[in-house]
Amino acid sequence: METALDLLGAAEKIVVFTGAGISTNCGVQDFRGPEGLYKTAEEKYHLPYPEALFDMDYFRRDPHPFFDLTKNMFLLDLLPSLCHKLVFRLEQQGRISLVVTQNIDMLHQKAGSIKLMECHGSYEQAHCLGCRKEYLLKDIEESIMNDVVPRCSCGAVVKPDVVFFGENLPDDFYRILENPPPCDLILILGTSLNVQPASLFALEMAAKVPSLLVNLQRTDYDSQMDLVLHSDLDLFADYMMKKLPQV
Ligand code: CNA
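So the sequence shown is numbered by numbering that gives the first Met the number 0: it starts at 0 and just counts up by one.
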């Protein structure tokens, strides 16, 4: 922890890359953790393969598992974790270049982060799969919470603007992949780094600048980092908030 404190304390242009692990303490399941969504999906829906939950072809055949298993990610009463707050405090100090999140739960927004790229989209907006009419979360929320698949006036399913496997990430993501923001520390939080191309961004940054990965479990990429902490993120955030001046 102390070496991590030194790294974080000295950095002035931090790029943060987050995954589902930053939100598990808020009550949102991750994918691959022991209590993750994939396990629930297999047990409850017997999906042909776990990733089918976020697969366009499967969604067109049966959108129920997606809506059922991800609906708790956008509940209004979900609150950001201590670690979301740490990231925001660093931004308030002017030490964040960019936060890139793979999460779709909008919790960085709720914590106050502004220099934020949600590279897998979010629930904030949605589109009809038929006529492409745009909807907002508030238009479809009640239907989802009542276990009714949201439908457009044209009859087709309305899908939240969350990036599914095989879909393109936003153009902005490819821009920063080509042209990374200024960075003297890449801080990677709560991700197995298994979903590409998002993880490529973090891994490419880690090859160029000092890197710190904080994750509960080992990842396949630990050896590519300068420093790895296998820790709960809120314990990490608590420690940093107590030790770093003005955070
Ligand atoms: P993942 O593959 O499930 O990895 C999450 C990692 O977080 C695991 O290695 C866990 O060990 C670790 N972890 C879990 N809880 C904690 C904790 N409290 N402290 C520290 N580490 C913890 O998920 P990734 O984010 O790597 O995969 C990217 C996917 C996940 C993206 O496409 C997301 O859209 C998708 N996703 C998002 C959410 C969300 O928005 N909250 C939830 C589930 C999945």
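Even glycine gets a Cβ: it sits at the ideal position worked out from N, Cα and C.
Taking all protein chains in view, the Cβ of Met55 is surrounded by fewer than 16 other Cβ atoms within 10 Å, so the residue is classified as exposed. Three or more beta-carbon pairs separated by less than 8 Å are not found between the stretch 208 to 225 and the stretch 42 to 58, which leaves the two stretches without contact.
Contact annotation: Val161 and Tyr122 have beta-carbon atoms nearer than 8 Å. Per the DSSP secondary-structure output, Glu42 pairs with nothing in a beta bridge. Rounded to the nearest angstrom, the gap between the Cα atoms of His107 and Leu85 is 10 Å. Between Ser80 and Ser142, the C-beta gap is not smaller than 8 Å, which leaves the two residues out of contact.
Not one heavy atom of the ligand CNA lies closer than 7 Å to the C-beta of Phe66. Fewer than three beta-carbon pairs drawn from the stretch 146 to 156 and the stretch 86 to 93 are found closer than 8 Å, and the two stretches are therefore not classed as touching. In the DSSP assignment, Lys158 is bridged to His126.
Burial state of Thr2 is exposed, judged by a 10 Å Cβ sphere holding fewer than 16 other Cβ atoms.
Ile185 is positioned such that its CB atom lies no closer than 8 Å to that of Ile95. Distance from the CA atom of Arg60 to the CA atom of Pro179, rounded to whole angstroms, is 38 Å. Under DSSP, the beta-bridge partners assigned to Met116 are Val99. Inclusion of Asp231 in the 7 Å shell around the ligand CNA follows from its C-beta lying nearer than that to a non-hydrogen atom of the ligand. Non-local beta-carbon contacts of Thr100 in its own chain, meaning distances under 6 Å to residues more than five positions away in sequence, involve Thr17, His107 and Glu117 in chain order. Apart from the 5 residues on each side of it in sequence, Pro159 sits with its Cβ closer than 7 Å to the Cβ of Tyr122 and Ala125 in its chain, given in chain order. Not a single heavy atom of the ligand CNA lies less than 7 Å from the C-beta of Arg88. Within the stretch 6 to 57, the runs of alpha helix (DSSP H) that reach at least 4 residues and sit entirely inside it are, in chain order, 36 to 44. In the three-state reduction of the DSSP assignment, Ser230 falls in the coil class, being assigned neither a helical nor a strand state.
The C-alpha of Lys137 is placed about 31 Å away from the C-alpha of Leu192. The DSSP-derived three-state label of Val208 is coil. For Asp76, the closest C-alpha among the options Ala110, Lys242, Pro62 and Pro47 is that of Ala110. Under the three-state reduction of DSSP output, Glu133 falls in the strand class.
Secondary structure at Arg94: coil, using DSSP grouped into helix, strand and coil.
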